[in-house]
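In our numbering, the protein residues as written are 2 to 434.
Beta carbons are placed, not taken as given, at the ideal position from N, Cα and C, and that holds for glycine.
Shown next, in structure tokens, is the structure this report addresses.
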RNA sequence: GCCCUGGUAGUAUAGUCCGGUCCAGUAUGCUCGGCUGUCACCCGAGCGAUCCCGGGUUCAAAUCCCGGCCAGGGCGCCA
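Written out as structure tokens, the structure reads:
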């Protein structure tokens with residue numbers, strides 16, 4: 002609409018002192034002093050106080066509007082410098098128009114002063130996005146996403162679009178959500194894994210940002226049934242190559258947040274340290290020995306429990322580090338075994354802020370070895386014919402990894418519950434909004 | 001799936017151990033009134049809670065017991 006074209010963001014209006022402009026936003030507060038009246042108007046860029054005195058032409062009009070919190074209004078007028086108002090600038094209105102009313106009372110306090118529980122805020126997520134804290138979280142997330150795209154695009158990676166509806170399990174492990182697909186059954190993808198590989202063996206360097214689904218009945222602060230992941234897959238690369246790409250991508254993303262989200266980080270009370278590269282590379286075996294040395298009950302081949310993972314972080318003493326060379330039993334069938342030791346695979350996890358935010362492997366690119374590994378895992382190579390076939394016409398060695406978007410956002414923003422970092426989380430009980 | 005803790009006005013909480021003092025207190029919100037410089041404005045009055053649901057114990061239950069649902073945390077599973 003025309004009006005929108007002419008609207009000036011509040012932060013900009015504050016700078017255009019004495020110029021007639023139209024601003025629009027939400028009423029965050031009304032302070033009525035009797036004859037003089039103050040309305041604090043907020044848009045996505047900031048807040049400004051609208052001061053209405055009896056001698057102001059708009060006075061009686063505004064008084065009769067009975068504005069309340071979260072009413073949406075547009076205001077025509079001009080910003081003026083003022084020594085009295087703390088912000089140093091206030092807005093003198095010529096006319097005010099109500100674009101939409103808000104119901105009263107509000108479901109929770111949008112200013113964030115009276116706290117509301119996560120569950121309550123999630124029920125009214127559309128309003129929660131207006132709170133300074135939640136708004137900051139998703140601005141940070143946006144910068145992480147754009148930095149990821151820019152870093153890889155600048156280095157020649159192609160963004161691919163894998164399907165989300167798939168015919169069968171791509172990785173094993175997690176349970177899949179089943180759905181009807183005409184007269185057949187299909188599944189929601191738990192990973193773009195196989196599609197990334199099929200793209201990388203032709204495009205060489207690819208990345209993607211996709212949602213994935215896990216039908217596990219977990220109920221924890223770090224798991225969701227629908228998450229987004231940021232992936233790469235790269236040909237003519239081994240695990241070491243892509244670990245290098247991973248740490249550089251992470252450092253770039255963190256640098257971008259540090260640089261572009263100062264306001265958000267202040268709201269969240271966070272200070273970002275961009276880790277120095279290269280990150281420490283711990284082997285799985287070293288990690289197990291470290292834990293055993295600290296008196297933990299763990300034998301070679303076990304996965305780390307949650308508390309062991311925390312202990313390990315303390316022992317290593319780094320914000321971010323790799324655990325590489327995992328036992329084959331812990332990783333997927335497509336992980337490339339070590340040449341001299343088939344019990345080990347070229348797989349790695351990236352631990353950041355005490356949580357696993359990424360994992361990757363060098364993949365098996367030879368059909369014969371793939372069949373052998375499938376059999377070792379007790380799987381039937383016959384059911385993977387199509388997958389194996391894609392490596393039968395000149396598939397170069399390749400490797401890749403995946404970063405969990407919500408988990409990375411958690412660590413960067415300091416949130417303890419992953420639901421804070423997903424706009425509309427899907428967990429075992431929550432399906433709306 | 002297991003264990004722990006919780007569920008009280010729109011929101012966030014006190015009260016629960018040790019039943020009666022609570023037809024439930026506080027903050028914020030909302031309504032009305034007052035105030036010409038506030039800025040988390042202030043001042044006064046008021047509104048708003050079948051104390052999550054169902055059952056049980058008791059003269060009496062927000063409070064004790066059992067079951068269910070939901071939430072938060074710890075595990076497991078998973079990434």
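Straight-line measurement puts the Cα of residue 189 at about 41 Å from the Cα of residue 10. Put simply, of 26, 46, 36 and 30 the residue whose alpha carbon is nearest the alpha carbon of residue 13 is 46. Nearest neighbour of residue 359 by Cα position, chosen from 348, 383, 369 and 368, turns out to be 348.
Within a 10 Å sphere around the beta-carbon of residue 209 sit 16 or more other beta-carbons, which makes this residue buried. About 15 Å separates the beta carbons of residue 125 and residue 139, which is beyond the 8 Å limit, so they are not a contact pair. Residue range 399 to 405 is occupied by the beta strand (DSSP E) that includes residue 404. DSSP places residue 40 in no alpha helix (DSSP H) but in the uninterrupted beta strand (DSSP E) bounded by 38 to 43.
The Cβ neighbour count for residue 263, taken over all protein chains shown within 10 Å, is under 16; the residue is labelled exposed.
DSSP places residue 30 outside any alpha helix (DSSP H); the residue lies instead in the beta strand (DSSP E), whose first and last residues are 22 to 33. In this structure, residue 44 sits away from residue 69, with a CB-CB distance that is not shorter than 8 Å.
In the DSSP assignment, residue 363 is bridged to 400.
Secondary structure in the stretch 266 to 328: the beta strand (DSSP E) runs of 3 residues or longer, each lying completely within the stretch, are 281 to 284 and 321 to 328 in chain order. Residue 301 counts as exposed, since fewer than 16 other beta carbons sit within 10 angstroms of its beta carbon. Here DSSP, grouped into helix, strand and coil, assigns residue 430 to coil. The beta-carbon distance between residue 242 and residue 153, rounded to whole angstroms, is 14 Å. This is too long to meet the 8 Å contact definition. Inter-segment contact for the stretch 150 to 164 and the stretch 320 to 327 is absent: fewer than three beta-carbon pairs are separated by less than 8 Å. For residue 141, the closest alpha carbon among the candidates 381, 413, 289 and 24 is that of 413. DSSP places residue 246 in the uninterrupted alpha helix (DSSP H) bounded by 240 to 261. The shortest CA-to-CA distance from residue 234 to any of 223, 224, 247 and 79 is the one to 247.
Take the alpha-carbon of residue 184 and the one of residue 283: they are about 49 Å apart. Residue 180 sits close to residue 187, with the two beta carbons spaced by under 8 Å. Note on the stretch 144 to 228: whole beta strand (DSSP E) runs with a minimum of 3 residues are 179 to 182, 185 to 189 and 206 to 214, in chain order. In summary, residue 96 is exposed, with fewer than 16 beta-carbon neighbours lying within 10 Å of its beta-carbon over all protein chains present. Here residue 204 is not near residue 397, since their CB atoms are 8 Å or more apart. Secondary structure at residue 124: helix, using DSSP grouped into helix, strand and coil.
Only exposed fits residue 165, as fewer than 16 other CB atoms lie within 10 angstroms of its CB. With distances taken between CA atoms, residue 224 lies nearest to 406 out of 402, 406 and 293. Its Cα nearest to that of residue 278, the residue 252 stands out among 252, 265 and 257. For the 8 Å CB-CB criterion, residue 322 and residue 352 form a contact. Comparing alpha carbon positions, the residue from 392, 331 and 29 closest to residue 197 is 392. In the three-state DSSP reduction, residue 15 falls in the helix class (H, G or I). Unbroken alpha helix (DSSP H) stretches of 4 residues or longer found wholly inside the stretch 44 to 96: 60 to 66, given in chain order. Under the three-state reduction of DSSP output, residue 344 falls in the coil class, being neither helix nor strand.
In this chain, residue 110 is not harboured by any alpha helix (DSSP H), its DSSP state being neither H nor E.
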